[in-house]
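Asker: Take 4 as the starting number for the sequence shown in the numbering used here and just add one per residue.
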Amino acid sequence: MSQTFLSIGSGPGIGFATALRFGREGYDVVLSSRDATRLAKQAEQLAVLGINVRAFAIDATNPAAVAELVASIGNDLHVLHYNAAVLHYDALQNLKARTIDDESISSIERDMQVNVTSAVVAVQSALPALRAKGTGSVLLTGGGFGVYPNADFLNLSIGKAAIRATTQALFSQLKEEGVHVATVTVSTLVSPDSPQADGVAQAFWDLHAQEKEQWDWEAIYPAS
């Protein structure tokens with residue numbers, strides 16, 4: 004039986020770097036995001052390296068589609084990485100602030116679907132396969148705003164706090180069932196193809212590779 008690493012939100016930074024890191028360790032890789040063109044390029048990059056890869060265009064604003072994708076991997080699923088989040092950028096690709104006054108009911112709902120609902124749904128959907136094997140990892144990309152919330156990035160702060168709470172809440176229960184749930188709390192900006200992206204990917208690998216007796220529920224990047 005193959006061991007599959009599933010990335011939800013395989014963007015060009017942390018998402019792709021982490022998929023590459025696990026692919027180099029022999030995992031089959033499934034990439035997913037809403038950008039089909041970028042996905043195809045990422046899949047080609049991995050395939051050239053001899054990594055068995057598939058790619059699916061899904062939008063994390065649709066939790067049902069996320070659940071369907073996770074379930075479709077079946078018992079081959081060994082590692083789930085949820086990396087999707089809503090970030091807003093200006094014309095120069097700088098992270099753009101969005102305060103409570105900038106939000107509408109629809110924008111709050113949309114952001115929470117990606118930042119919170121689909122993350123929890125993905126975890127829920129992965130558990131039957133992982134529990135059946137009594138092994139595997141659920142990895143969630145956290146952020147410094149989850150620890151130190153910022154009013155200029157309110158929705159993102161709420162989302163990252165939810166990621167951290169979900170991980171911490173489930174850790175002990177799932178450990179008893181052989182499933183390692185963990186988060187990397189990323190406290191710096193991460194650009195595509197950067198040392199920071201590779202560093203976060205390595206932090207995820209290190210969590211996954213821990214012996215059960217040493218399991219942690221959180222790693223901080225960069226390490227303090």
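Glycine is no exception: its CB is placed at the ideal position from the N, C-alpha and C atoms.
(1) In terms of DSSP beta bridges, what is Ile35 paired with?
(2) With respect to the alpha helix (DSSP H) encompassing Glu112, which residues constitute its N-terminal and C-terminal limits?
(3) Could you spell out where the alpha helix (DSSP H) holding Glu179 opens and where it closes?
(4) Just to confirm before moving on: does the CB-CB distance between Thr21 and Ala204 stay below 7 Å?
(5) Quick check on this structure: which residue in Asn78, Gly12 and Phe174 has the alpha carbon closest to the alpha carbon of Ser36?
(6) Using only alpha-carbon positions, find the residue among Trp218, Thr170 and Val73 that is nearest to Phe8.
(7) Just to confirm the assignment, what range does the alpha helix (DSSP H) spanning Ile223 have?
(8) Relative to the C-alpha of Arg41, which candidate in Tyr30, Gly18 and Glu28 has its C-alpha closest?
(9) Any contact of the stretch 81-91 with the stretch 120-138, i.e. 3+ C-beta pairs under 8 Å?
(10) Please state the DSSP three-state secondary structure of Ser190.
(11) In terms of alpha-carbon separation, which member of Tyr30, Gly149, Gly29 and Arg134 lies closest to Asn118?
(12) I want to know whether the stretch 91-105 touches the stretch 157-167 - three or more CB-CB distances under 8 Å.
(13) Residues in its own chain within less than 8 Å of Ala46 by CB, not counting five upstream and five downstream?
(14) Considering only residues of the same chain and omitting the five flanking positions on each side of Ala206, which have a CB-CB separation below 7 Å?
(15) Apart from the five residues just before and just after Ser140, which ones in its own chain have a Cβ nearer than 6 Å to its Cβ?
(16) Assuming the contact rule is C-beta atoms closer than 8 Å, Val69 and Ala125 should be a hit. Round their C-beta distance to whole Å, please.
Answerer: Per the coordinate set shown:
(1) Along the sequence shown, read from residue 1 onward, the residue named residue 35 stands at position 32. Here residue 35 turns out to be Ser, not Ile, going by the sequence shown. Ser35 is bridged to Ile11 and Phe59.
(2) On the sequence shown, residue 112 is found 109 positions in, with the first residue counted as 1. From DSSP, the alpha helix (DSSP H) with Glu112 extends over Ile108 to Met115.
(3) The residue you call residue 179 lines up with position 176 of the sequence shown. Counting along the chain, the alpha helix (DSSP H) containing Glu179 begins and ends at Leu157 to Glu179.
(4) The residue you call residue 21 lines up with position 18 of the sequence shown. The residue you call residue 204 lines up with position 201 of the sequence shown. The answer is yes: Cβ separation under 7 Å.
(5) Taking the sequence shown and counting its residues from 1, the one referred to as residue 36 is at position 33. Residue Gly12 is the option with its Cα nearest to Ser36.
(6) Locating residue 8 in the sequence shown gives position 5, where the first residue counts as 1. Comparing Cα positions, the closest option is Val73.
(7) On the sequence shown, position 220 is the one that residue 223 refers to. Where Ile223 is concerned, there is no enclosing alpha helix (DSSP H), although the beta strand (DSSP E) it sits in stretches over Glu221 to Tyr224.
(8) On the sequence shown, residue 41 is found 38 positions in, with the first residue counted as 1. Of the listed residues, the one whose Cα sits closest to Arg41 is Gly18.
(9) yes
(10) By one-based count along the sequence shown, residue 190 stands at place 187. Reduced to three states, the DSSP call for Ser190 is coil.
(11) Mapped onto the sequence shown, residue 118 falls at position 115. The residue with the shortest Cα to Cα distance from Asn118 is Gly149.
(12) yes
(13) Position 43 of the sequence shown, counting from 1, holds the residue named residue 46. Excluding residues within five positions, the ones whose Cβ falls inside 8 Å are Leu34, Val56, Arg57 and Ala58.
(14) If you number the sequence shown from 1, residue 206 lands on position 203. Hits under 7 Å: Val187, Ala222 and Tyr224.
(15) Within the sequence shown, numbered from 1, the residue matching residue 140 stands at position 137. Excluding positions up to five away in sequence, the list reads Val82, His183 and His211.
(16) The residue labelled residue 69 in the question sits at position 66 within the sequence shown. The residue labelled residue 125 in the question sits at position 122 within the sequence shown. About 5 Å; that satisfies the 8 Å criterion.
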